[in-house]
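K.L.:
Residue 120 in the working numbering sits at position 73 of the sequence shown, and the numbers go up by one each step. Quick reminder that beta carbons are idealized off the backbone N, C-alpha and C, glycines included. What you are looking at is a predicted structure, and each value in this text was computed from that prediction instead of being measured. First, the structure itself, so that you have it in front of you.
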Amino acid sequence: MSRARCKYPPTKKRTNTMPYVNIKITDESVTNEQKQALIKGTTQLLVDVLNKNPATTFVVIDEVNTDNWGIGFDQVTKLRQLAGT
C-alpha cells in the first residue's frame, strides 16, 4: 500500500509520535460504514496536514447515550423529543 504524499510542506521531519484522536458522537444509529469513513478521513487528514504515519495513528470513536449528553440545561434525549413534537 502506497502512502499518500503530504500536501503541506512539513515543518519538521516525521517523528515517532503516535497521534490519538477521540471522536465523541451520540449513539443514534451510526453505521459501521460511517464509523469506518470517520476513521479513514481522520487518519488521512493527519497524513495530509501533519505528515503523520497512518500505521501509528489511533482514532477512537466513543458513542455516548443521549441521556448522558447535555446541551445547555437539557439532555439530548429531551431535546430530540421536543424537536419531534
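Roughly how many angstroms separate the alpha carbons of arginine 127 and leucine 92, rounded to a whole number?
P.N.:
What you label residue 127 is simply residue 80 of the sequence shown in a count that begins at 1. What you label residue 92 is simply residue 45 of the sequence shown in a count that begins at 1. Cα to Cα, the separation comes out at about 31 Å.
K.L.:
Give me, in chain order, the residues of the same chain whose beta-carbon lies closer than 6 Å to that of lysine 82; leave out the 5 immediate sequence neighbours on both sides.
P.N.:
One-based indexing of the sequence shown puts residue 82 at position 35. Cβ neighbours of lysine 82 beyond the five flanking positions: Ile108.
K.L.:
Report all residues from its chain with a CB closer than 6 Å to the CB of phenylalanine 105; omit the five preceding and five following residues, and keep chain order.
P.N.:
Walking along the sequence shown from the start, residue 105 turns up at place 58. Tyr67.
K.L.:
Please tell me whether leucine 93 has its Cβ less than 8 Å away from any Cβ of chain D.
P.N.:
The chain inventory of the structure shown lacks chain D, comprising one protein chain alone.
K.L.:
Who pairs with glycine 119 in a beta bridge, going by DSSP?
P.N.:
Reading the sequence shown from its first residue, position 72 is the one you call residue 119. Note: glycine 119 sits in no beta bridge, so no partner.
K.L.:
So which of Ile72, Pro101, Val77 has the shortest CA-CA distance to threonine 64?
P.N.:
The sequence position of residue 64 within the sequence shown is 17, counting from 1. For the residues Ile72, Pro101, Val77, the minimum Cα distance to threonine 64 belongs to Pro101.
K.L.:
Could you give the residue range of the beta strand (DSSP E) that holds lysine 71?
P.N.:
On the sequence shown, residue 71 is found 24 positions in, with the first residue counted as 1. Run containing lysine 71: 67–73, per the beta strand (DSSP E) assignment.
K.L.:
Excluding sequence positions up to five away, which residues of its chain have a Cβ less than 8 Å from the Cβ of glycine 117?
P.N.:
Residue numbering aside, residue 117 sits at position 70 when the sequence shown is read from its first letter. Correct list, in chain order: Val123.
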